Amino acid sequence: MGRMIITQQMEEIVRPLGPESLLLRGARLKNTKEIFGVAIYTGMETKMALNYKSKSQKRSAVEKSMNTFLIIYLVILISEAVISTILKYTWQTEEKWDEPWYNQKTEHQRNSSKILRFISDFLAFLVLYNFIIPISLYVTVEMQKFLGSFFIGWDLDLYHEESDQKAQVNTSDLNEELGQVEYVFTDKTGTLTENEMQFRECSINGMKYQEINGRLVPEGPTPDSSEGNLSYLSSLSHLNNLSHLTTSSSFRTSPENETELIKEHDLFFKAVSLCHTVQISNVQTDCIGDGPWQSNLAPSQLEYYASSPDEKALVEAAARIGIVFIGNSEETMEVKTLGKLERYKLLHILEFDSDRRRMSVIVQAPSGEKLLFAKGAESSILPKCIGGEIEKTRIHVDEFALKGLRTLCIAYRKFTSKEYEEIDKRIFEARTALQQREEKLADVFQFIEKDLILLGATAVEDRLQDKVRETIEALRMAGIKVWVLTGDKHETAVSVSLSCGHFHRTMNILELINQKSDSECAEQLRQLARRIAEDHVIQHGLVVDGTSLSLALREHEKLFMEVCRNCSAVLCCRMAPLQKAKVIRLIKISPEKPITLAVGDGANDVSMIQEAHVGIGIMGKEGRQAARNSDYAIARFKFLSKLLFVHGHFYYIRIATLVQYFFL
386 MGRMIITQQM EEIVRPLGPE SLLLRGARLK NTKEIFGVAI YTGMETKMAL
436 NYKSKSQKRS AVEKSMNTFL IIYLVILISE AVISTILKYT WQTEEKWDEP
486 WYNQKTEHQR NSSKILRFIS DFLAFLVLYN FIIPISLYVT VEMQKFLGSF
536 FIGWDLDLYH EESDQKAQVN TSDLNEELGQ VEYVFTDKTG TLTENEMQFR
586 ECSINGMKYQ EINGRLVPEG PTPDSSEGNL SYLSSLSHLN NLSHLTTSSS
636 FRTSPENETE LIKEHDLFFK AVSLCHTVQI SNVQTDCIGD GPWQSNLAPS
686 QLEYYASSPD EKALVEAAAR IGIVFIGNSE ETMEVKTLGK LERYKLLHIL
736 EFDSDRRRMS VIVQAPSGEK LLFAKGAESS ILPKCIGGEI EKTRIHVDEF
786 ALKGLRTLCI AYRKFTSKEY EEIDKRIFEA RTALQQREEK LADVFQFIEK
836 DLILLGATAV EDRLQDKVRE TIEALRMAGI KVWVLTGDKH ETAVSVSLSC
886 GHFHRTMNIL ELINQKSDSE CAEQLRQLAR RIAEDHVIQH GLVVDGTSLS
936 LALREHEKLF MEVCRNCSAV LCCRMAPLQK AKVIRLIKIS PEKPITLAVG
986 DGANDVSMIQ EAHVGIGIMG KEGRQAARNS DYAIARFKFL SKLLFVHGHF
1036 YYIRIATLVQ YFFL
């Protein structure tokens, strides 16, 4: 972190320098044709090269067992050598038992130090008895592991034709560990699901809508029914012609209310179209501005590129509805509403982080208004709102989550000129601070993102991957316990767990959520333990949220572990990345010392993949961080069953049989 001072026409301009100012090797330029830069890290000092460093060494249970036996045999070898040396000198104390003629020492050797003679004889016995140590065992085992790892990459059953990806082995030291797994910890989004987001529903100002063929339809009867009293709201692309608005008596409004309704929907989808970091990958930046293409560009011609599938799905949905994001430059964002081009000046981006669970943008509208648009999890947006249909939206968000949909809340705030001047000054001071910049930025973001007006919520569907249910059932039949660790909302996570077979309908679902204190958490854990003891015949499933998990791990680890061990399936929701790793570490150090396996596809899963005994990366749409940091990488979750039950099983049999040959 730092700052840059530019002198232009005798005036100093201060600009902050941070991670966003660093262009890493392998990156590509966006929103600009050319830049002026200074090379600061080159060669092996680039971030990409530094990432080549090996991870912490993982060792399999078989290798640890071999090392234990090696130490035992080493102790035996040393003991034999010491005992033999002592017996030799004891035997030679009697003069009649002198050394044989072929091993007699010279006079110089006889007069040398007794300690040196003892050491010399001790080393001689070590050489005589060294055959007890199987030196070739390690060489043979390593060769077997290396050659055996090729079978995983060659297995066509682990090849995904659509993405042209085969299984990858990043380490061959853990092949046999695959056959001994007792716990599987898996992420949800992108691991159990496709990570292909489709906009399905939304809540705007307390009313729920579905998207049907580019139109927003209030939930209830379909708009193409034969009866004329069915209510639906046309998409915003048709709102300029009010004849498309047909309403029933329950939905009929005055012309003034219709105009207000249009404004609410317009503002909601403008927030969706502006509050993001989406780029247009097939449109050159120099086309932004005046040009003939701007008047006739259709949404279908635009190809959006985003690091987050959620953002891409929302921007595409807004384009289908009629609010089309055209592109952006360093200072402007362009949106086409009903064929009319609008330019918004991009003033500030308040980046997303896992602590706030939201992101915001501050823009200047064509009218000159300063607006803040924010989106994020309902737990981070709703407490900051002072207006809008908060309770209705909260109910709708819960209903969306019960359907297994991913939800985000949208809100906005208007700034007066005086308020914006203060905000702009505080952001500048925080961004240019040389010390504690992150803490200062967090404080400023908290100051800005308050007194919001709630606009509504979005619901996006993420379909399950093929054969996820069968894979989880196979793992359960093999005696492997499956834990799902996700950052999603409680209701969404439970719904997906039921649909993928992680939870089943006959299972008694226990909950440890919304705990506020240590005492409350402890009491709830005791109640759960009693319920499990009373209904020990029934299978139990446990749902834990991130807040309650932090309380449970702080003071009540043993009680929490007792509850978890007696549950057939555990679901942890609203989890931070480090919490995922803590859960796995807790299971690893339990008295049973079970073998753990973690499966994930994104950067948020790297910590748990590295913490588990075996880490599996899914080569999905969230980048390759998980695959690069894993021990094995596969294209789909369904491949896990063959990886464990076939390759892992046979690897364990091979290595166990091979080791026995050296000790028979």
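Be aware that the sequence shown starts at 386, since it is given in the working numbering, and climbs by one per residue. For each residue, glycine too, the CB sits at the ideal point set by N, CA and C. Note that this is a predicted model, so its numbers are computed, not measured.
Next item on the list: Can you give me the start and stop residues for the beta strand (DSSP E) that Lys573 sits inside?
Entry: Here Lys573 belongs to no beta strand (DSSP E), and DSSP marks it neither H nor E.
Next item on the list: Compare the Cα-Cα distances from Ser752 to each of Lys799, Leu723 and Lys769 and report the closest residue.
Entry: Lys799
Notebook entry, point to check: Does DSSP classify Ala966 as helix, strand or coil?
Noted result: helix
Checklist line | Own chain residues within Cβ distance below 7 angstroms of Cys885, not counting five before or after | finding: Leu577, Leu849, Val853, Arg854 and Ile857
Check: Would the segment 1031-1039 and the segment 528-540 be scored as touching if the rule is three or more Cβ pairs under 8 angstroms?
Finding: yes
Margin query: Measuring only the C-alpha atoms, how far is Tyr594 from Ser764?
Written below: 22 angstroms
Next item on the list: Keeping to the same chain, check which residues put their C-beta closer than 7 angstroms to that of Lys967; ignore five residues upstream and five downstream.
Entry: Leu938
Notebook entry, point to check: Which residue comes first and which comes last in the beta strand (DSSP E) that contains Met744?
Noted result: Arg743 to Gln749
Next item on the list: Check whether the segment 760-775 touches the segment 717-724, counting contact only when three or more Cβ pairs, one atom from each stretch, lie closer than 8 angstroms.
Entry: no
Notebook entry, point to check: Among Ser933, Ala1020 and Gly1002, which has the Cα closest to the Cα of Gln550?
Noted result: Ala1020
Margin query: Taking contact to mean 3 or more Cβ pairs, one atom from each stretch, closer than 8 angstroms, check whether the segment 962-981 and the segment 909-925 are in contact.
Written below: no
Check: Which term fits Gly761, buried or exposed, when burial requires 16 or more other beta carbons within 10 angstroms of its beta carbon?
Finding: buried
Notebook entry, point to check: By Cβ distance below 7 angstroms, which residues in the same chain neighbour Ser880 in space, the five residues on each side in sequence not counted?
Noted result: Ala786, Leu787, Lys788 and Gly789
Check: Is the segment 517-528 in contact with the segment 459-468, if contact means three or more CB pairs nearer than 8 angstroms?
Finding: yes
Checklist line | 8 angstroms Cβ shell around Val1044 - same chain, five flanking residues per side excluded | finding: Val447, Met451, Leu522 and Val526
Next item on the list: Classify Tyr594 as helix, strand or coil using the three-state DSSP reduction.
Entry: strand
Next item on the list: Could you please give me the residues that DSSP links to Trp868 through a beta bridge?
Entry: Phe570 and Val955
Notebook entry, point to check: Going by the CB atoms, is the gap between Met993 and Ile972 shorter than 7 angstroms?
Noted result: no
Check: Measuring CA to CA, which of Phe830, Lys825 and Glu776 is closest to Gly841?
Finding: Glu776
Notebook entry, point to check: Taking the runs of the beta strand (DSSP E) that are 3 residues or longer, which of them lie wholly in the segment 817-882?
Noted result: 837-849 and 866-870
Next item on the list: Output the distance between the C-alpha atoms of Thr932 and Ala1041, rounded to the nearest integer angstrom.
Entry: 43 angstroms
Checklist line | Straight-line gap, Gln664 to Tyr689 (C-alpha atoms, nearest Å) | finding: 6 angstroms
Next item on the list: Write down the C-beta distance between Gly1002 and Ser1015 rounded to the nearest angstrom, noting that I regard them as a contact closer than 8 angstroms.
Entry: 3 angstroms
Next item on the list: Write down every uninterrupted run of the beta strand (DSSP E) in the segment 721-803 whose length is 3 residues or greater and which is fully enclosed by it, in chain order.
Entry: 725-738, 743-749, 755-761, 770-772 and 791-800
Notebook entry, point to check: Are Phe566 and Ile974 touching if we call contact CB-CB under 7 angstroms?
Noted result: According to the sequence shown, residue 566 is Val rather than Phe. Going by C-beta atoms, Val566 is not nearer than 7 angstroms to Ile974.
Next item on the list: Express the C-alpha separation of Leu541 and Arg741 in angstroms, rounding to a whole number.
Entry: 43 angstroms
Note to self: Assuming contact is defined by CB atoms lying nearer than 7 angstroms, are Ala466 and Phe510 in contact in what I supplied?
What the structure shows: yes
Margin query: Does the segment 648-663 come into contact with the segment 697-705, if we say contact requires no fewer than three beta-carbon pairs (one atom in each stretch) closer than 8 angstroms?
Written below: yes
Check: Looking only at C-alpha atoms, which of Leu732, Phe888 and Arg791 sits nearest to Lys866?
Finding: Phe888
Notebook entry, point to check: Would you call the CB atoms of Ser935 and His781 closer than 7 angstroms?
Noted result: no
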